[in-house]
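Engineer: Here numbering that gives the first Met the number 0 is used: the first residue of the sequence shown is 0, the next is one more, and so on.
Where is the CB? At the ideal position from N, CA and C, for every residue including glycine.
What you are looking at is a predicted structure, and each value in this text was computed from that prediction instead of being measured.
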Amino acid sequence: MNNLKQDKRESKIVPNMSWKWITFAFEHKGNQIVVRNSNWTSKEQVFINDDLVHDQKSMKMQMNKTFKLPEGEDLKIDFGLSFKKGVFIEASTEEEEVYSYASNSDPKYWMGIIACMIFGLVCGILIGITAL
0 MNNLKQDKRE SKIVPNMSWK WITFAFEHKG NQIVVRNSNW TSKEQVFIND
50 DLVHDQKSMK MQMNKTFKLP EGEDLKIDFG LSFKKGVFIE ASTEEEEVYS
100 YASNSDPKYW MGIIACMIFG LVCGILIGIT AL
C-alpha cells in the first residue's frame, strides 16, 4: 500500500485523491503510516506498516487520535476537513512534527472551490430562467 507521491514543485509528499478515498502516506523512523478517509461513507482508516490500527465511521469530519508505533513511541494524528485549512493532516510525536499538509495552500483546492461556485451559479440562473 505504498501511496507516496512527490509534488513536482516541492519535496513535500502530497495526498493521493480519488473518487473513493483521500489517502495520505508518509514514513517515520522506518514505519509507513497511511491515513485515509472515504469521500462517500465518512469512513476513516489508519494503517501502520500495513496493519489496520483504526477503522471507524465518523460524521465529525475530523479525527484527533494518538497511535502507538511498534517502537512504543506515540504518534498523534489530526486529520480532517475545514473551510480554513481545506483537507488537512498533522502528524507529530512529542519531539517533532512528522508530517503536515493543508490543501488550502494548494492551487487545485481553490480551483475546485471556484469551479463549484460557478457550477452553482449557472444552475441557479438556469433554474431561475425556467421558473419564469
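Excluding the 5 residues preceding and the 5 following W18 in the sequence, name in chain order all residues of the same chain whose CB lies nearer than 7 Å to its CB.
Structural biologist: N38
Engineer: Less than 6 Å between C-beta atoms, sequence neighbours within five positions excluded: which residues of the same chain meet that for T65?
Structural biologist: D73, K75
Engineer: For F82, does the three-state DSSP call read helix, strand or coil?
Structural biologist: coil
Engineer: Quick check: the segment 20–40 against the segment 87–98, are there 3 or more CB pairs under 8 Å?
Structural biologist: yes
Engineer: Are the CB atoms of N30 and N48 within a distance shorter than 9 Å?
Structural biologist: yes
Engineer: Can you confirm whether I32, when its beta carbon is compared against all beta carbons of chain D, has any partner nearer than 9 Å?
Structural biologist: No chain D appears in this structure, which consists of one protein chain only.
Engineer: With V52 as the anchor, note down where its beta strand (DSSP E) starts and where it stops.
Structural biologist: 50–56
Engineer: Between L120, I128, I112, Q55, which lies nearest to S102 when the distance is taken from Cα to Cα?
Structural biologist: Selected option, being the one with the closest Cα: I112.
Engineer: Take M58 as the anchor and find which of K67, K42, L51 has the nearest alpha-carbon.
Structural biologist: The shortest C-alpha to C-alpha distance from M58 to any of K67, K42, L51 is the one to K42.
Engineer: Where does V13 fall in DSSP's three states?
Structural biologist: coil
Engineer: Starting from T22, follow its DSSP beta bridges and name the residues at the other end.
Structural biologist: N15, R35
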